[in-house]
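For the sequence shown, numbering that gives the first Met the number 0 assigns the number 0 to the initial residue and increments by one for each residue that follows.
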Amino acid sequence: MPNIYYGEEIALKGPYGSVERARYPMQWNEAAWNHDFLDLYIQLGSLRKRYRRTLKQGSWSMLASGDQYLAFARYDSKLALVCVLSRAETNTTVSISNSMLCLSELVESMGGDVGIGSAHMQVDLGPFESMLFVAKR
(Lines of atoms letter the chains of each structure in order from A and count residues from 1; the text may use other names and numbers.)
(Lines give C-alpha, C1' and ligand atoms only; values in the text may rest on other atoms or scores of the structure.)
Protein backbone atom coordinates (compact mmCIF):
# COMPACT_ATOMS: atom_id res chain seq x y z
CA MET A 1 0.00 0.00 0.00
CA PRO A 2 1.51 3.34 -1.00
CA ASN A 3 1.89 5.99 1.63
CA ILE A 4 3.16 9.54 1.81
CA TYR A 5 4.75 10.91 4.95
CA TYR A 6 3.92 14.54 5.65
CA GLY A 7 6.19 16.89 3.77
CA GLU A 8 7.22 14.42 1.05
CA GLU A 9 4.96 16.17 -1.43
CA ILE A 10 6.97 19.40 -1.05
CA ALA A 11 10.40 17.70 -0.71
CA LEU A 12 10.68 18.66 2.96
CA LYS A 13 14.18 17.88 4.11
CA GLY A 14 15.03 16.16 7.35
CA PRO A 15 17.74 14.12 9.03
CA TYR A 16 18.26 10.50 8.06
CA GLY A 17 17.55 7.83 10.61
CA SER A 18 14.44 6.43 12.18
CA VAL A 19 10.96 7.37 11.01
CA GLU A 20 10.41 9.29 14.25
CA ARG A 21 13.16 11.76 13.37
CA ALA A 22 12.92 11.57 9.58
CA ARG A 23 11.42 15.04 9.01
CA TYR A 24 11.76 18.56 10.26
CA PRO A 25 8.56 20.36 11.31
CA MET A 26 6.15 21.02 8.45
CA GLN A 27 6.99 24.09 6.38
CA TRP A 28 3.75 26.07 6.06
CA ASN A 29 5.29 28.92 4.07
CA GLU A 30 4.29 27.93 0.52
CA ALA A 31 7.01 30.13 -0.99
CA ALA A 32 9.59 27.69 0.42
CA TRP A 33 7.94 24.61 -1.12
CA ASN A 34 9.31 22.70 -4.09
CA HIS A 35 6.29 23.30 -6.34
CA ASP A 36 7.58 21.06 -9.15
CA PHE A 37 7.65 18.17 -6.68
CA LEU A 38 4.18 19.07 -5.37
CA ASP A 39 2.82 19.19 -8.94
CA LEU A 40 4.23 15.70 -9.55
CA TYR A 41 2.43 14.34 -6.47
CA ILE A 42 -0.81 16.02 -7.59
CA GLN A 43 -0.49 14.51 -11.10
CA LEU A 44 0.25 11.05 -9.69
CA GLY A 45 -2.71 11.28 -7.30
CA SER A 46 -5.01 12.30 -10.14
CA LEU A 47 -3.71 9.45 -12.31
CA ARG A 48 -4.27 7.01 -9.44
CA LYS A 49 -7.90 8.14 -9.14
CA ARG A 50 -8.59 7.95 -12.89
CA TYR A 51 -7.17 4.44 -13.26
CA ARG A 52 -7.97 3.04 -9.82
CA ARG A 53 -9.76 -0.03 -11.22
CA THR A 54 -6.76 -1.10 -13.30
CA LEU A 55 -4.33 -0.33 -10.49
CA LYS A 56 -6.37 -2.25 -7.89
CA GLN A 57 -7.58 -5.22 -9.91
CA GLY A 58 -5.25 -5.42 -12.89
CA SER A 59 -2.45 -7.87 -13.48
CA TRP A 60 1.21 -6.99 -12.97
CA SER A 61 4.13 -7.84 -15.21
CA MET A 62 7.83 -7.06 -15.49
CA LEU A 63 8.37 -5.95 -19.09
CA ALA A 64 12.10 -5.31 -19.39
CA SER A 65 15.16 -4.85 -17.21
CA GLY A 66 18.82 -4.11 -17.59
CA ASP A 67 21.70 -2.74 -15.56
CA GLN A 68 20.41 0.82 -15.95
CA TYR A 69 16.64 0.50 -16.48
CA LEU A 70 13.47 -1.27 -15.36
CA ALA A 71 10.03 -1.39 -17.02
CA PHE A 72 6.85 -2.87 -15.56
CA ALA A 73 3.09 -2.58 -16.07
CA ARG A 74 -0.29 -2.90 -14.39
CA TYR A 75 -2.95 -3.81 -16.93
CA ASP A 76 -6.43 -5.13 -17.52
CA SER A 77 -8.32 -6.08 -20.68
CA LYS A 78 -8.65 -2.45 -21.84
CA LEU A 79 -5.69 -0.44 -20.52
CA ALA A 80 -2.09 -0.69 -19.39
CA LEU A 81 -0.15 1.65 -17.14
CA VAL A 82 3.54 1.29 -17.96
CA CYS A 83 6.36 2.63 -15.81
CA VAL A 84 9.92 2.87 -17.13
CA LEU A 85 12.73 3.90 -14.76
CA SER A 86 16.30 4.78 -15.70
CA ARG A 87 19.26 5.21 -13.41
CA ALA A 88 21.64 5.89 -16.31
CA GLU A 89 23.78 9.02 -16.26
CA THR A 90 23.16 9.52 -19.99
CA ASN A 91 20.18 9.47 -22.35
CA THR A 92 18.68 6.00 -22.61
CA THR A 93 16.44 4.29 -25.13
CA VAL A 94 14.51 1.30 -23.81
CA SER A 95 12.94 -1.12 -26.30
CA ILE A 96 10.07 -3.16 -24.86
CA SER A 97 8.29 -6.03 -26.59
CA ASN A 98 4.64 -5.28 -27.26
CA SER A 99 3.71 -8.93 -27.88
CA MET A 100 2.21 -9.53 -24.42
CA LEU A 101 0.35 -6.25 -23.83
CA CYS A 102 -0.58 -5.53 -27.47
CA LEU A 103 -0.81 -1.80 -26.82
CA SER A 104 -2.39 0.18 -29.63
CA GLU A 105 -2.86 3.82 -28.69
CA LEU A 106 -1.24 6.20 -26.21
CA VAL A 107 -3.81 7.74 -23.86
CA GLU A 108 -1.52 9.95 -21.74
CA SER A 109 2.05 10.13 -20.50
CA MET A 110 4.25 11.78 -17.90
CA GLY A 111 7.94 12.30 -18.72
CA GLY A 112 10.04 10.96 -21.59
CA ASP A 113 8.94 10.10 -25.11
CA VAL A 114 7.24 6.86 -26.14
CA GLY A 115 6.52 5.28 -29.50
CA ILE A 116 4.13 2.34 -29.69
CA GLY A 117 4.49 -0.08 -32.58
CA SER A 118 2.86 -3.45 -33.18
CA ALA A 119 6.03 -5.36 -32.21
CA HIS A 120 7.83 -2.99 -29.82
CA MET A 121 7.47 0.11 -27.69
CA GLN A 122 10.38 2.52 -27.61
CA VAL A 123 10.90 4.83 -24.64
CA ASP A 124 13.47 7.63 -24.70
CA LEU A 125 14.58 8.91 -21.30
CA GLY A 126 17.04 11.54 -20.14
CA PRO A 127 19.59 10.93 -17.37
CA PHE A 128 17.94 9.54 -14.20
CA GLU A 129 14.52 10.08 -15.77
CA SER A 130 11.35 8.03 -15.37
CA MET A 131 8.22 7.77 -17.45
CA LEU A 132 4.70 6.65 -16.76
CA PHE A 133 2.26 6.20 -19.61
CA VAL A 134 -1.22 4.83 -20.17
CA ALA A 135 -2.16 3.06 -23.39
CA LYS A 136 -5.16 1.22 -24.80
CA ARG A 137 -4.92 -2.52 -25.39
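Glycine is no exception: its CB is placed at the ideal position from the N, C-alpha and C atoms.
Worksheet item: If you count every other CB in all the chains shown that lies within 10 Å of the CB of residue 132, and 16 or more means buried, which is it?
Response: Walking along the sequence shown from the start, residue 132 turns up at place 133. Buried.
Worksheet entry | Distance between residue 129 and residue 70 (C-alpha atoms, nearest Å) | The count along the sequence shown starts at 1 and reaches residue 70 at position 71. The count along the sequence shown starts at 1 and reaches residue 129 at position 130. Each residue's Cα considered, the two are about 10 angstroms apart.
Item to complete: Sort out for me which residues DSSP pairs residue 64 with in a bridge.
Response: Residue mapping note: residue 64 aligns to position 65 of the sequence shown, counting from 1. BP columns for residue 64 point to 69.
Fill in: Buried/exposed call for residue 120, threshold 16 Cβ in 10 Å
Position 121 of the sequence shown, counted from the first residue, corresponds to residue 120. By the C-beta density criterion, residue 120 is buried, having at least 16 other C-beta atoms within 10 angstroms.
Worksheet item: Should residue 2 be labelled buried (16 or more other beta-carbon atoms within 10 Å of its own) or exposed?
Response: On the sequence shown, residue 2 is found 3 positions in, with the first residue counted as 1. Counting Cβ neighbours within 10 Å, residue 2 comes out exposed, since fewer than 16 surround it.
Discussion item. In whole angstroms, give me the CA-to-CA distance for residue 84 and residue 116.
Written reply: The residue labelled residue 84 in the question sits at position 85 within the sequence shown. The residue labelled residue 116 in the question sits at position 117 within the sequence shown. One C-alpha to the other measures close to 20 angstroms.
Worksheet entry | Residue burial classification, residue 41 (beta-carbon count within 10 angstroms, cutoff 16) | Translated into the one-based positions of the sequence shown, residue 41 becomes position 42. Residue 41 sits exposed, since fewer than 16 C-beta atoms from the chains shown fall within 10 Å of its C-beta.
Item to complete: Could you tell me whether the region 23-30 touches the region 47-64, using the rule of 3 or more Cβ pairs below 8 angstroms?
Response: Too few Cβ pairs lie closer than 8 angstroms, so no.
Fill in: C-alpha gap between residue 13 and residue 31, whole angstroms
The residue you call residue 13 lines up with position 14 of the sequence shown. The residue you call residue 31 lines up with position 32 of the sequence shown. Computed Cα separation, rounded: 15 angstroms.
Discussion item. What does DSSP give as the partner residue(s) for residue 29 in the beta ladder?
Written reply: In the sequence shown, the residue the question calls residue 29 occupies position 30. Beta-bridge pairing links residue 29 to no other residue.
Worksheet item: Should residue 5 go down as buried or exposed, given a rule of 16 or more other Cβ atoms within 10 Å for buried?
Response: Translated into the one-based positions of the sequence shown, residue 5 becomes position 6. The Cβ neighbour count for residue 5, taken over all protein chains shown within 10 Å, is under 16; the residue is labelled exposed.
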